[in-house]
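>
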Amino acid sequence: MFLDDFVESFNLTICLWPIPAISTVDQPTDWHEEVRRKDDNEKSKAKAYTDKKRHAAERKLIVGDKVLVKQKRKNKYSTKFCKDPMTITKINGTQIVLTDLHGKQHRRNSSHVKKYWTTSEPNNVEDEDFVAESQPPQSTTEETPPDSNPNIPIIQPDPTPLRRSTREKTVPDRLRY
Numbered sequence: 001m002f003l004d005d006f007v008e009s010f011n012l013t014i015c016l017w018p019i020p021a022i023s024t025v026d027q028p029t030d031w032h033e034e035v036r037r038k039d040d041n042e043k044s045k046a047k048a049y050t051d052k053k054r055h056a057a058e059r060k061l062i063v064g065d066k067v068l069v070k071q072k073r074k075n076k077y078s079t080k081f082c083k084d085p086m087t088i089t090k091i092n093g094t095q096i097v098l099t100d101l102h103g104k105q106h107r108r109n110s111s112h113v114k115k116y117w118t119t120s121e122p123n124n125v126e127d128e129d130f131v132a133e134s135q136p137p138q139s140t141t142e143e144t145p146p147d148s149n150p151n152i153p154i155i156q157p158d159p160t161p162l163r164r165s166t167r168e169k170t171v172p173d174r175l176r177y
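So the sequence shown is residues 1 to 177, counted in the UniProt record's numbering.
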């Protein structure tokens, strides 16, 4: 054969021995688990930090909520969201099925919708507390002045709510006479 002739002509010896297999690759050691655990811990710390800095929060959308949907930008005067609210009919993870005013269904990602707040409902729990505190107490006390008839009750009107002070507005010097 060719190989035998080649070896004899150059006076070579070919040593073929078995290559040892590395058996430790298949079985993870304790330090692998420790590194993996430390890596997971550091990743969770980084995620918590960035979520806090970006004010990230999970969306609290449920079926039946009214939402506004992002629309494509047609020109510089077009708004980011469609003016007509849609109703959520189905939620599957981040995929949301919406129904518009005409009954047509649309499928969008949850990042393309935002909750539609009416003026009667507050935005969140903190706003509910603020609305409750900002409403003046309604006085329905019935007092009778000493000069009037005691049989006719007089209902006191509610005091006007306090307003913020505003700066004094003046006309610019160039417009004065």
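Backbone N, C-alpha and C define an ideal beta-carbon position, used for all residues, glycine too.
1) If you measure between the beta carbons of residue 199 and Val67, is that distance less than 8 Å?
2) Do Val69 and Phe81 have their CB atoms nearer than 8 Å?
3) Excluding the five sequence neighbours on either side, which residues of its own chain have a C-beta within less than 6 Å of the C-beta of Lys90, listed in chain order?
4) Could you name the residues that DSSP lists as bridge partners for Lys90?
5) Are there 16 or more other CB atoms within 10 angstroms of the CB of Ile155, so buried, or fewer, so exposed?
6) For Leu175, which three-state DSSP category applies?
7) Under the three-state reduction of DSSP, which class applies to Val63: helix, strand or coil?
8) Suppose the cutoff is 7 Å on Cβ atoms and the five residues either side in sequence are ignored; what does the same chain contact list for Glu168 look like?
9) Within the chosen definition, does the stretch 72 to 79 reach the stretch 39 to 52 through at least 3 CB pairs nearer than 8 Å?
10) Hey, Lys115 and Asp65 are a contact pair by Cβ (cut 8 Å); roughly how many whole angstroms apart?
11) Distance check for Thr50 and Thr87, CA to CA, integer angstroms please.
12) Could you tell me which of Ser110, Trp31, Leu61 and Asp100 sits nearest to Lys83, measuring between CA atoms?
13) Looking at the structure shown, is Asn109 part of a helix, part of a strand, or coil, going by DSSP?
14) In this structure, what does DSSP give as the bridge partners for Leu68?
15) Work out the CA separation of Ser165 and Arg36 for me, nearest whole Å.
16) With His32 as the anchor, note down where its alpha helix (DSSP H) starts and where it stops.
17) Could you compute how far the alpha carbon of Thr118 sits from the alpha carbon of Leu61?
Per the coordinate set shown:
1) Outside the displayed range of the chain (1 to 177) lies residue 199, so it cannot be described from this structure.
2) Taking the sequence shown and counting its residues from 1, the one referred to as residue 69 is at position 69. Taking the sequence shown and counting its residues from 1, the one referred to as residue 81 is at position 81. One thing to note: Val69 has its Cβ within 8 Å of the Cβ of Phe81.
3) The count along the sequence shown starts at 1 and reaches residue 90 at position 90. Cβ within range, chain order: Val97.
4) Residue mapping note: residue 90 aligns to position 90 of the sequence shown, counting from 1. In the DSSP output, where bridge partners are listed per residue, Lys90 has Val97.
5) Position 155 of the sequence shown, counted from the first residue, corresponds to residue 155. So Ile155 counts as exposed.
6) Sequence index remark: in the sequence shown, residue 175 carries index 175 (1-based). Correct three-state label for Leu175: helix.
7) By one-based count along the sequence shown, residue 63 stands at place 63. Of the three classes helix, strand and coil, the one that applies to Val63 here is coil, per DSSP.
8) Taking the sequence shown and counting its residues from 1, the one referred to as residue 168 is at position 168. Here Glu168 has no same chain residue with a Cβ atom under 7 Å from its own Cβ, once five neighbours each way along the sequence are excluded.
9) Short answer: they don't touch.
10) Counting from one through the sequence shown, the residue named residue 115 turns up at place 115. Counting from one through the sequence shown, the residue named residue 65 turns up at place 65. Taking a contact as a CB-CB distance under 8 Å, the pair Lys115 and Asp65 counts as one, their CB atoms being some 6 Å apart.
11) Position 87 of the sequence shown, counting from 1, holds the residue named residue 87. Position 50 of the sequence shown, counting from 1, holds the residue named residue 50. Roughly 32 Å between the two C-alpha positions.
12) Here residue 83 refers to the residue found at position 83 when the sequence shown is read from its first residue. Comparing Cα positions, the closest option is Asp100.
13) Residue mapping note: residue 109 aligns to position 109 of the sequence shown, counting from 1. DSSP places Asn109 in the strand class (E or B) of the three-state scheme.
14) For the purposes of this step, residue 68 is taken as the residue at position 68 of the sequence shown. According to DSSP, Leu68 bridges with Lys114.
15) As a position in the sequence shown, residue 36 is number 36, starting the count at 1. As a position in the sequence shown, residue 165 is number 165, starting the count at 1. Each residue's Cα considered, the two are about 59 Å apart.
16) Along the sequence shown, one-based indexing puts residue 32 at 32. First-last of the alpha helix (DSSP H) with His32: Asp30 to Lys53.
17) Along the sequence shown, one-based indexing puts residue 118 at 118. Along the sequence shown, one-based indexing puts residue 61 at 61. Distance between the alpha carbons of Thr118 and Leu61 is about 15 Å.
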